[in-house]
Amino acid sequence: MKINVDENAGFCWGVVQTVEKVENILKENDNINVYILGEIIHNPQEINRLAEKGLTTISTENINELSNDAKVIIRAHGEPPETYQKLESKNISYIDATCPLVQNLQQKVLKYYKLGYQIVIFGKYSHPEIVALRGVCDNECIVIKNNEEADSKINYNIKTAIFSQTTIKENDFKNLIEYLKNKFINVEFIVNNSVCRFVSARENNLKNFAQENEIIIFVAGRNSSNGKSLFNTCNSVNKRTYFIESIDEIDLNWFKGVTKVGITGATSTPLWYLNELKQYLEKIN
Ligand code: SF4
């Protein structure tokens, strides 16, 4: 049985930067408490690895319990302005590790919001990136996930700017725009395709990889929306795609008669864990 790890798998650029920042802070601050607001990435193995080095995951509600010597890291998804205000009012030092692409999206949303546009965001209402974006425009934006929600929530008679969550499927966004483009008659409608290029490029490469292998083991955290989306991409071209969060979920029956196995994962799945899975499969091969 040949076991292939997807050469395009591993962390996206934004997550690599965040993890590097966190590791440097942990190295430099041996004796102080280092916290991160929310899971650094939706991957239990990476969370545990960094927890062993001293990183504690907390939520924004815990900020009030922190002592003044705490150091807080803001993760790649970003945070709404009120989180920054909370940290500053408590005099807690923080490091902003928001992905530069997400920061850029926040600035664009703010710009159109200030110009008086109706702001529409295509994405998941409770996703941390969307929570931060909602905060940027005082929670006055409209978040939609399909055409029906668009019709029930959007006012088609006022100037509008639409954005997408960075991790959604680009095709879904394009289909929505196709549906919306004739709804705004004589009204300005600005489309900002803010799907992350890293994510869209991975989609295409992933399809080829899934077709080249007989079965695919797809590794991601169950909370990862990018994981769900990329799993569906694999599954659309290879029905023998199995989703796991950890190696102990492997079922040996999947491999009967199989000669070519592909291992891949979400943009939040560390490459070291995919290689560990490869070693495990090689041992039982
Ligand atoms: S998926 Fe894209 S936008 Fe999101 S953290 Fe990674 S590089 Fe940044």
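Here the working numbering runs 717 ahead of the position in the sequence shown, where the first position is 1.
The beta-carbon is built from N, C-alpha and C at its ideal position, and this holds for glycine as well.
In chain order, what residues of the same chain lie with their CB nearer than 7 Å to the CB of residue i, ignoring the 5 residues before and after it?
i    : result
N746 : K788
L994 : I934, V936, I964, I980
V732 : I758, A793, T984, S985
A703 : No information on residue 703 is available, as it lies outside the stretch 718 to 1002 that the chain covers here.
What residue does the alpha helix (DSSP H) around residue i start on, and which one ends it?
i    : result
V736 : 730-745
T950 : 942-954
V789 : Note, V789: premise wrong, no alpha helix (DSSP H); beta strand (DSSP E) at 788-791.
P798 : 798-806
P761 : 761-769
E711 : This structure cannot settle anything about residue 711, because the visible part of the chain is limited to 718 through 1002.
E993 : 988-1001
Note the first and the last residue of the continuous beta strand (DSSP E) segment covering residue i.
i    : result
Y959 : 958-961
T976 : Per DSSP, T976 belongs to no beta strand (DSSP E) and is neither H nor E.
L772 : 772-775
L754 : 751-754
N721 : 719-722
S810 : 810-813
V912 : From DSSP, V912 is part of no beta strand (DSSP E); its letter is neither H nor E.
I932 : 932-936
Is the distance from the Cβ of residue i to the Cβ of residue j below 8 Å?
i     : j    : result
I812  : I780 : no
E846  : Q882 : yes
V853  : P797 : yes
R939  : E966 : no
Y873  : K900 : yes
I859  : I836 : yes
L991  : V819 : no
T884  : S806 : no
F880  : S917 : no
K770  : L804 : no
V1013 : I749 : As displayed, the chain neither begins before 718 nor continues past 1002, which places residue 1013 out of reach and without an answer.
Give the straight-line distance between the Cα atoms of residue i and residue j, rounded to the nearest whole angstrom.
i    : j    : result
S985 : K831 : 33 Å
N955 : L772 : 38 Å
V908 : L998 : 46 Å
T777 : E799 : 10 Å
F960 : I871 : 36 Å
G795 : F972 : 40 Å
D868 : D889 : 16 Å
I902 : I875 : 10 Å
Y829 : A878 : 7 Å
Q802 : A768 : 26 Å
W786 : F906 : Note that residue 786 is Asp in the sequence shown, not Trp. Those two C-alpha atoms are separated by around 47 Å.
H844 : I720 : 34 Å
E931 : L988 : 21 Å
G727 : V904 : 43 Å
L822 : T774 : 25 Å
F839 : V975 : 40 Å
Q755 : K898 : With the sequence shown as reference, residue 755 is identified as Gly, and Gln is not the correct amino acid for it. If you take the alpha carbons of G755 and K898, they lie about 37 Å apart.
N725 : A849 : 29 Å
Q734 : N943 : 18 Å
E737 : S810 : 18 Å
K977 : D855 : 51 Å
Y834 : W730 : 31 Å
N921 : N808 : 45 Å
Who are the Cβ neighbours of residue i in its own chain at under 8 Å, not counting the five residues just before and after it?
i    : result
L969 : I1001
H896 : Reading off the sequence shown, one finds Tyr at residue 896, where the question assumed His. N864, A867.
Grab me the residues of residue i's own chain with a C-beta within less than 6 Å of its C-beta, minus the 5 sequence neighbours each way, in chain order.
i    : result
H679 : There is simply no residue 679 to check, as the chain begins at 718 and stops at 1002 in what is shown.
R766 : none
Q762 : Y990
E887 : V912, S917
N925 : none
Got a sec: does ligand 2 put a non-hydrogen atom nearer than 7 Å to the Cβ of residue i?
i    : result
T884 : The ligand content of the structure shown is limited to ligand 1, which means ligand 2 is not among them.
Check: Where in the segment 847-908 do unbroken runs of the alpha helix (DSSP H), each at least 4 residues long, occur, reported from the N-terminal end onward?
Finding: Taking 4 residues as the shortest admissible run, the segment 847-908 contains the following complete alpha helix (DSSP H) segments, listed from N- to C-terminal end: 864-870, 887-897.
Checklist line | Entirely enclosed beta strand (DSSP E) segments - the segment 816-844, minimum 3 residues | finding: 835-839
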